[in-house]
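**Q**
Numbering (the working numbering), first residue to last: 46 to 366.
1. With a Cβ-Cβ cutoff of 9 Å, do residue 278 and residue 92 count as a contact?
2. Name the residue from 56, 62, 327 and 61 whose alpha carbon lies nearest to the alpha carbon of residue 75.
3. Terminal residues of the continuous beta strand (DSSP E) containing residue 118?
4. Taking the straight line between their C-alpha atoms, what separation do you get for residue 285 and residue 299?
5. For residue 201, which three-state DSSP category applies?
6. Just to confirm, is the Cβ distance from residue 205 to residue 240 under 9 Å?
7. Should residue 227 go down as buried or exposed, given a rule of 16 or more other Cβ atoms within 10 Å for buried?
8. Is it true that the stretch 105-122 meets the stretch 305-315, where meeting means three or more beta-carbon pairs spaced less than 8 Å apart?
9. Give the list of continuous alpha helix (DSSP H) stretches no shorter than 4 residues that lie fully inside the stretch 68-146.
10. Check each candidate in 189, 196, 190 and 188 and name the one with the smallest Cα separation from residue 175.
11. Exposed or buried, what is residue 64 when buried is set at 16 or more other beta-carbons lying within 10 Å of its beta-carbon?
12. Among residues of its own chain, excluding the 5 on either side of residue 319, which ones have a beta-carbon nearer than 6 Å to its beta-carbon?
13. If the criterion is Cβ atoms closer than 9 Å, does the pair residue 115 and residue 70 meet it?
14. Between the C-alpha atoms of residue 236 and residue 343, what's the straight-line distance to the nearest angstrom?
15. By how many angstroms is the C-alpha of residue 82 removed from the C-alpha of residue 268?
16. Closer than 8 Å by C-beta to residue 78: which residues in its own chain qualify, once you throw out the five before and the five after it? Chain order, please.
17. Excluding the five sequence neighbours on either side, which residues of its own chain have a C-beta within less than 6 Å of the C-beta of residue 293, listed in chain order?
18. Using a Cβ-Cβ distance cut-off of 9 Å, determine whether residue 161 contacts chain B.
19. Near residue 35, which residues of its chain fall below 7 Å by C-beta distance, leaving aside the five closest residues on each side in sequence?
20. Going by Cα to Cα distance, which pick from 58, 144 and 165 is closest to residue 137?
21. Have a look at 345, 276 and 183 and flag the residue whose alpha-carbon is nearest the alpha-carbon of residue 73.
22. Please go through the stretch 189-265 and give each complete alpha helix (DSSP H) segment of 4 or more residues, from N-terminal end onward.
23. What three-state label does DSSP hand residue 308 in the structure shown?
Laid out in structure tokens, this is it:
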């Protein structure tokens, strides 16, 4: 197997104040292979988005900070770079599609100016050349009126169009890694399919690796080569997509799979997981899923299980498996 493009080891991102310590990301490990799609799944509050912000070193301060770990990208630990060095990586070798394009795009700048800014910063293009390339990028993500869209403001575009503009901006410098945080949230089903097809084509054309963060297991099944399941700021299961869908081992992963509607099964009610994701400011002792787990034993509430390799390439954080 090729050397991983990205290696994350024991990543911890905490929000620290005088009175509390919120462990948003608490010892996360995973790898991303070149040209592959890694899906990160889990309920809201599991730490998925904060993990993505940590990779880009965009954790909101001053309370939020990465307190430990390594994020090795193309052989370089990003956590050891200066902010100036990191700004050369963002938007250039690593791109990101944020969860809500309306808030991620600057409302007072034209779409073309925002895409062009990336090209001017990293490719040293003139404004005229950057605008020309911005039109080409907009056309490549499916805008038939790219020459007009380049001079429009974000509020003049629909949700799907704004998301396409975000993808064009993220792909402007043909990054080696694209982080997509809930790229299809709040889009209708037709536009969702178009955005996913667009990401597939960009991956195949440019060989871009993708980290796809979502709670939609259907999207993961369609897109991902490998899957990381997160709960309570930790990885609870990690394997190939086929292994996770065909043979899930962690009780939480199994419960997620059972909650998916199956079209050819006649069920009165969908399966659900009792309770809620615990607050990152007040995790339970022992296994963090134990209070919601139907298989939990007394020991599960006392001892934190380690992430263990139970099969080749299949890691699980559960002592009952």
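Glycine included, every Cβ here is placed at the ideal spot set by N, Cα and C.
**A** Taking the coordinates as given:
1. yes
2. 56
3. 109-118
4. Put simply, the backbone Cα of residue 285 is about 15 Å away from that of residue 299.
5. helix
6. Their beta carbons are under 9 Å apart, which means residue 205 touches residue 240 by this criterion.
7. Of the other Cβ atoms in all chains shown, 16 or more fall within 10 Å of the Cβ of residue 227; this residue is therefore buried.
8. no
9. Counting only runs of 4 or more, we get 93-100 and 128-134.
10. That would be 196, whose Cα lies nearest to the Cα of residue 175.
11. exposed
12. 337
13. no
14. So the two alpha carbons sit approximately 47 Å from each other.
15. 7 Å
16. 46, 47, 49, 50, 254, 270 and 271
17. 299 and 302
18. Included in the structure is just one protein chain, with no chain B present.
19. Beyond the ends of the chain as shown, which are 46 and 366, falls residue 35; an answer cannot be given.
20. 165
21. 276
22. 191-194, 204-215 and 234-251
23. Residue 308: coil per DSSP, three-state reduction.
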